[in-house]
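Trainee:
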Amino acid sequence: MSLSRRDFARQSAITGAGVVLVGSVGALATAPNALAATETEVEGAGGESAEARHGGVGYGPLVTDPKGLLSLPAGFSYRVITYSGRTKLDSGEFTPSNHDGTSTFEGPRGATLLVNNHELKGPRSDWSHPVPLTEGLVYDPAASGGCTVVEVRRDKVAEWVGIAGTSTNCAGGNTPWGTWLTCEETEDKAGQNGMTKDHGYVFEVDPQDRRRNKNPKPVKALGRYAHEAVVVDPKRGRLYLTEDASGPNGLLYRWTPPQGFEHGHGRLATLADDAGALQAFRCFDSGGKFVDDLSRATRTGTVYGVDWVDVPDRDAKSVSVRKQFTDGQVTRARKLEGMWWGDGGVYIVSSYARAESPGQAHDGAVWFYDPKRRTLTLKVLIGVNPAPSVDGAFDGPDNITVSPYGGLVIAEDGEGVQHLFGATESGRTYPIARNELNIGTAEAPEYSEFTGVTFSPDGRTLFANIQDPGIMLAITGPWKRQKRG
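Take any residue in the sequence shown, note its place counting from 1, add 2, and you have its number in the numbering used here.
(1) Using only the alpha-carbon positions, how far apart do residue 142 and residue 122 sit?
(2) Going straight from the alpha carbon of residue 369 to that of residue 298, what length do you get?
(3) Along the chain, where does the beta strand (DSSP E) that runs through residue 1 open and close?
(4) Would you grab the beta carbon distance between residue 432 and residue 59 for me? Rounded to a whole angstrom, and I think it's under 8 Å.
(5) Using a threshold of 8 Å, state whether the C-beta atoms of residue 163 and residue 91 are closer than that.
(6) Could you tell me if residue 348 is buried or exposed, where buried requires 16 or more neighbouring beta carbons within 10 angstroms of its beta carbon?
(7) Do you know offhand how far residue 407's Cα is from residue 127's?
(8) Determine the direct distance from the alpha carbon of residue 371 to that of residue 379, and round the result to whole angstroms.
(9) If I follow the unbroken beta strand (DSSP E) through residue 309, where does it start and stop?
(10) Taking the alpha-carbon positions, what's the residue 478 to residue 81 distance?
(11) List the DSSP bridge partners of residue 457.
(12) For residue 391, which option in 342, 445, 400 has the closest C-alpha, if you only look at C-alpha atoms?
(13) Let me know if residue 324 comes out buried or exposed under the rule of 16 or more other beta-carbons within 10 Å of its beta-carbon.
(14) How about the region 284 to 303 and the region 261 to 270: do they share at least three Cβ pairs that are nearer than 8 Å?
(15) Pick helix, strand or coil for residue 297, following the three-state DSSP scheme.
(16) Does DSSP classify residue 404 as helix, strand or coil?
(17) Please list, in chain order, all residues of the same chain as residue 482 whose beta carbon is under 7 Å from its beta carbon, the five residues on each side excluded.
(18) Rounded to whole angstroms, what's the CA-CA distance from residue 118 to residue 332? Just pull it up for me.
(19) Measure from the alpha carbon of residue 548 to the alpha carbon of each residue in 236, 255, 184, 275, then state which is nearest.
(20) Give me the Cβ distance between residue 135 and residue 209, rounded to the nearest whole Å; I'm assuming they're in contact under 8 Å.
(21) Does DSSP put residue 319 in a helix, in a strand, or in coil?
(22) Helix, strand or coil: which one does DSSP assign to residue 251?
(23) From this set, 243, 120, 486, 474, which residue's C-alpha is nearest residue 233's C-alpha?
(24) Taking 8 Å as the threshold (C-beta atoms), are residue 168 and residue 148 in contact?
(25) I'd like the list of long-range same chain contacts for residue 360, defined as Cβ closer than 8 Å, with 5 residues on each side in sequence excluded.
(26) Using a Cβ-Cβ cutoff of less than 7 Å, which residues in the same chain neighbour residue 179 once the five nearest sequence positions on both sides are dropped?
(27) By how many angstroms is the C-alpha of residue 354 removed from the C-alpha of residue 287?
(28) In the DSSP assignment, what residue or residues form a beta bridge with residue 263?
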């Protein structure tokens, strides 16, 4: 059932509906193998206290890593799990590059399994370490991307191909039945960029049983567009999907399964191409006014009502899905990125807004969609970072996960310095890690984005990736419950 503008306005007037606007962009602008067996621990720390800089939340200031890889708070340590071009798969090839979205699963005999996307676009000749074309696991032999499955034990790491021959595998998402949905962030069709098949789809990967990944088939019912992330509502069975696109800006989608459909291992691939309902969202404020772009929101606590509009041609045979809607039909946003299910709803990231967005420029926003109330609430808003090359303020949130210790952990894909940072339930932010690996020059340093942030099933280890050159890291330490801030 849709929530009408009139219903939302009446609900807001009667219950308050959280429409009190709290905070502002300005206030948040400065918020702040043998190889796999090694571990680096940070022993001490100095400088400004966490209490002074981050309002008493977090784990204290970051201590510069003498090995030049990952700076962490005192008492924390990291372990390199995979490293593109250095560690090897079970089949003998090197670990592919460009690590992206990742999730963990309980493995056999106490192991942790991870599925790791590799965001490799275009022909295989463009990359030194594409995903190997393992027999039986290839969708398009011309494509470079795919997923690997990593099995982590205390004294051993193993890695193998989960799917190959896909393109630009970005954030993706896990499922309640224990599989991984890998998303292609591209609209390339057969004949474009050397591809032999159409791309821009979602594929399901089973980390537990390699046989189930044979002969990969796209889930066309979920649409063909520049997919970023996907989450599954475990109660209602709906899927939510972000689109990272511009010209025009991307959309948030919802897919409702056909009546009688039951989710489970491999069930999505059995669906007809037009099964279920794929819809794009539109928002309206408490007064019933349509909101054309999420950049219109300038304060945390902003609440929008949400309705859904059917997608005319989900396979985008002639026109991109987001271009099938006219102005006034749907709500758009720049850089719709990571998502994660938690607290009964979906956390959704918009990495930034600039001139291509009609509202307020910002350097990152995190929204929360409540499917029961059909509302979208702005939880975190980061103002434009005036000095991204200087350590301090955060910008460009991307991949995201819900922390077992309260709040969120976010991977930064901004300008200059790159962090993993936390956000409390009240929106206060604090640093967890900083990338120290300079892939530029001494005169013009460059630091790759973090990706694939996710906790182990027992909550003791935080996994994250440095996308370039492609490094998976396991972070452990004195995790603690975070105050609301």
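Beta carbons: idealized from backbone N, C-alpha and C, even for Gly.
These numbers were taken from a predicted model, which means no experiment stands behind them.
Mentor: On the basis of the supplied data:
(1) Here the alpha carbons of residue 122 and residue 142 stand approximately 13 Å from one another.
(2) Straight-line Cα distance between these residues: approximately 13 Å.
(3) With the chain running from 3 to 487 in the structure shown, residue 1 is simply not present.
(4) Rounded to the nearest angstrom, the Cβ distance from residue 432 to residue 59 is 5 Å, consistent with a contact under 8 Å.
(5) Yes; because the gap between Cβ atoms is below 8 Å, this pair is in contact.
(6) It is buried - the Cβ of residue 348 has at least 16 other Cβ atoms within 10 Å.
(7) Between the alpha carbons of residue 407 and residue 127 lies a gap of roughly 43 Å.
(8) Taking the straight line joining both Cα atoms gives about 7 Å.
(9) It spans 305 to 312 - the beta strand (DSSP E) in which residue 309 sits, taken as one unbroken run.
(10) Roughly 9 Å between the two C-alpha positions.
(11) Residue 457 pairs with 464.
(12) Answer by Cα proximity: 445.
(13) Taking every protein chain shown into account, the CB of residue 324 has 16 or more other CB atoms within 10 angstroms, so this residue is buried.
(14) Segments in contact, no.
(15) Residue state, collapsed to three classes: helix.
(16) Here DSSP, grouped into helix, strand and coil, assigns residue 404 to strand.
(17) Excluding positions up to five away in sequence, the list reads 407.
(18) When rounded, the separation of the alpha-carbon atoms in residue 118 and residue 332 is 32 Å.
(19) The structure shown does not extend to residue 548, since the chain spans only 3 to 487, so no value can be given for it.
(20) Wrong, their Cβ atoms sit about 20 Å apart, outside the cutoff.
(21) Residue 319: coil per DSSP, three-state reduction.
(22) It is coil, neither helix nor strand.
(23) That would be 243, whose Cα lies nearest to the Cα of residue 233.
(24) Yes, Cβ-Cβ distance for residue 148 and residue 168 is below 8 Å.
(25) Here the set comprises 294, 295, 297, 298.
(26) Cβ neighbours of residue 179 beyond the five flanking positions: 265, 266, 267.
(27) Rounded to the nearest whole angstrom, the CA to CA distance from residue 287 to residue 354 is 21 Å.
(28) The bridge partners DSSP lists for residue 263 come to none.
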